[in-house]
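A short write-up of the structure that comes next.
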Amino acid sequence: MKLKLAALSIALLAAGGAFAQANDTIAKVKASGVVTMGVRDSSGLSFTLGDGKYAGYHVDVCQRILASLEKTVGKKLEVKYLPVTSQNRIPLVQNGTVDIECGSTTNNATRQKDVAFAVTTFVEEVRIAVKADSGITSIAQLNGKSVATTTGTTSVQTLRKNERATGVDFKEVFGKDHSDSFLLLESGRADAFVMDGSILASNIANSKNPAGFKIVGEVLSVEPIAIMMRKDDPAFKKLSDDTIKGLIKSGELAKIYDKWLMQPVPPKNVRVGLPASESTKAAWATPNDKPMEDYAKK
Numbered sequence: 025m026k027l028k029l030a031a032l033s034i035a036l037l038a039a040g041g042a043f044a045q046a047n048d049t050i051a052k053v054k055a056s057g058v059v060t061m062g063v064r065d066s067s068g069l070s071f072t073l074g075d076g077k078y079a080g081y082h083v084d085v086c087q088r089i090l091a092s093l094e095k096t097v098g099k100k101l102e103v104k105y106l107p108v109t110s111q112n113r114i115p116l117v118q119n120g121t122v123d124i125e126c127g128s129t130t131n132n133a134t135r136q137k138d139v140a141f142a143v144t145t146f147v148e149e150v151r152i153a154v155k156a157d158s159g160i161t162s163i164a165q166l167n168g169k170s171v172a173t174t175t176g177t178t179s180v181q182t183l184r185k186n187e188r189a190t191g192v193d194f195k196e197v198f199g200k201d202h203s204d205s206f207l208l209l210e211s212g213r214a215d216a217f218v219m220d221g222s223i224l225a226s227n228i229a230n231s232k233n234p235a236g237f238k239i240v241g242e243v244l245s246v247e248p249i250a251i252m253m254r255k256d257d258p259a260f261k262k263l264s265d266d267t268i269k270g271l272i273k274s275g276e277l278a279k280i281y282d283k284w285l286m287q288p289v290p291p292k293n294v295r296v297g298l299p300a301s302e303s304t305k306a307a308w309a310t311p312n313d314k315p316m317e318d319y320a321k322k
């Protein structure tokens, strides 16, 4: 009987330890020696170079966070890259498959109920991309048109809520990821692509004919973009926040931004050409994890 009780106690302790690790990233990676980074195939801030390699502004920032994590756990970690989509990124962070998501995720109040965000590293403006010869320059001209967006994103919802969209009736067409959505525009199956400006600029820069597209119209919304992680994990959030604040203070974050969004980047060595906005600079000046709803109050 005593042996059974002892065995039960050990099993419960093991289960308790596993449960504790579920929301303790530092303990989890220290025990396993592995950390999983969620990346995107065609985001403006995270993209594939092919052969399982990923790069971009947020990938660089995450690598700095993981370097801090290695110092904390006292050993070299195996970094696994897992491509995520707009649809599955939050569930994969919640269930522990992904430890840190380094794409282009908007920090909003709804998502904060399910996940946590590091301090804002980029403030996005949602815009409209069209073919340069389309004649479309505003929301009103989308009436009767097909508008592409990526499944699992909030951009078309944002468009519909815009006061300038009142009475504008358009058809939504969905791409499974950002490159697929841009292909809908490129191939003529959509008249416009509504998405984060950085994603639009990156896809245009990497297209076969960059001069054939332009970003037009009103700014639909201003959204803070941040590195995402599990909720209720204060130690890992603090480590992430402290790393980013250190990069801001040293001026390194601005250099990383310039490297990926102002200089020619692989694999095609094209320049996105997207200077840091005043809103992004303001987020760097006063680091915070405020959701997009706070930006709308201005």
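Numbering (my numbering), first residue to last: 25 to 322. Ideal placement from N, C-alpha and C gives every residue a C-beta, glycine not left out.
Between the C-alpha atoms of S66 and T109, what's the straight-line distance to the nearest angstrom?
If I take the Cα positions, the gap works out to 10 Å.
What's the gap between the Cα of E242 and the Cα of F217?
Straight-line Cα distance between these residues: approximately 14 Å.
Classify L244 as helix, strand or coil using the three-state DSSP reduction.
The answer is strand: DSSP assigns L244 an E or B state.
By DSSP, does I152 sit in helix, in strand, or in coil?
Strand at I152.
Buried or exposed for E149, please, with buried defined as at least 16 other CB atoms from any protein chain shown within 10 angstroms of its CB.
By the neighbour-count rule (16 or more Cβ atoms within 10 Å), E149 is buried.
Look at L90 and G62 and say whether their C-beta atoms are less than 9 Å apart.
Taking 9 Å as the Cβ cut-off, L90 and G62 do not qualify as a contacting pair.
Under 8 Å Cβ to Cβ from V192, same chain only, skipping five residues before and after it: list those, please.
I163, A164, L166, N167, listed in sequence order.
Of all the beta strand (DSSP E) runs that stay within the bounds of the stretch 161–220, which reach a length of 3 or more residues?
Segments of the beta strand (DSSP E) lying fully in the stretch 161–220: 170–174, 195–199, 216–220.
Is it right to say I34 is buried, meaning 16 or more other beta carbons lie within 10 angstroms of its own, or is it exposed?
Low per-residue confidence applies at I34: pLDDT is 47, beneath 50, and the placement is therefore not dependable, though the value from the model is reported in the following sentence. Result: exposed.
Kindly indicate which residue of E102, L69, I50 has the alpha-carbon position closest to the one of D220.
Comparing Cα positions, the closest option is L69.
Can you name the start and end residues of the alpha helix (DSSP H) that M316 belongs to?
From DSSP, the alpha helix (DSSP H) with M316 extends over 316–320.
Output the distance between the C-alpha atoms of A278 and T96, rounded to the nearest integer angstrom.
Those two C-alpha atoms are separated by around 25 Å.
Please report how far the alpha carbon of Q118 lies from the alpha carbon of N230, in whole angstroms.
Their Cα atoms are separated by approximately 32 Å.
Going by other Cβ atoms of all chains shown within 10 Å of its Cβ, with 16 needed for buried, is E247 buried or exposed?
Buried is the call here.
DSSP on G74, reduced to helix/strand/coil?
Reduced to three states, the DSSP call for G74 is strand.
Is S56 buried or exposed, if buried means 16 or more other CB atoms sit within 10 Å of its CB?
Exposed is the call here.
Give the secondary structure of S110 by DSSP, where H, G and I count as helix, E and B as strand, and everything else as coil.
It is coil, neither helix nor strand.
Check the C-beta distance from T145 over to I251 and give it rounded, since I have them as a contact under 8 Å.
7 Å between Cβ atoms; contact.
I need the straight-line Cα distance from P299 to W308, nearest angstrom please.
Between P299 and W308, the C-alpha separation is close to 14 Å.
With DSSP collapsed to three states, give me the class of V63.
If DSSP states are grouped into helix, strand and coil, V63 belongs with the strands.
Output the distance between the C-alpha atoms of E94 and Y78, rounded to the nearest integer angstrom.
Between E94 and Y78, the C-alpha separation is close to 20 Å.
Give the DSSP bridge partners of F237, in chain order.
K155.
So, with DSSP's three-state summary, where would you put V122?
Three-state DSSP puts V122 in coil, outside helix and strand.
Distance check for I114 and K137, CA to CA, integer angstroms please.
Cα to Cα, the separation comes out at about 11 Å.
In angstroms, rounded to a whole number, what distance separates the CA positions of Q181 and A133?
Between Q181 and A133, the C-alpha separation is close to 15 Å.
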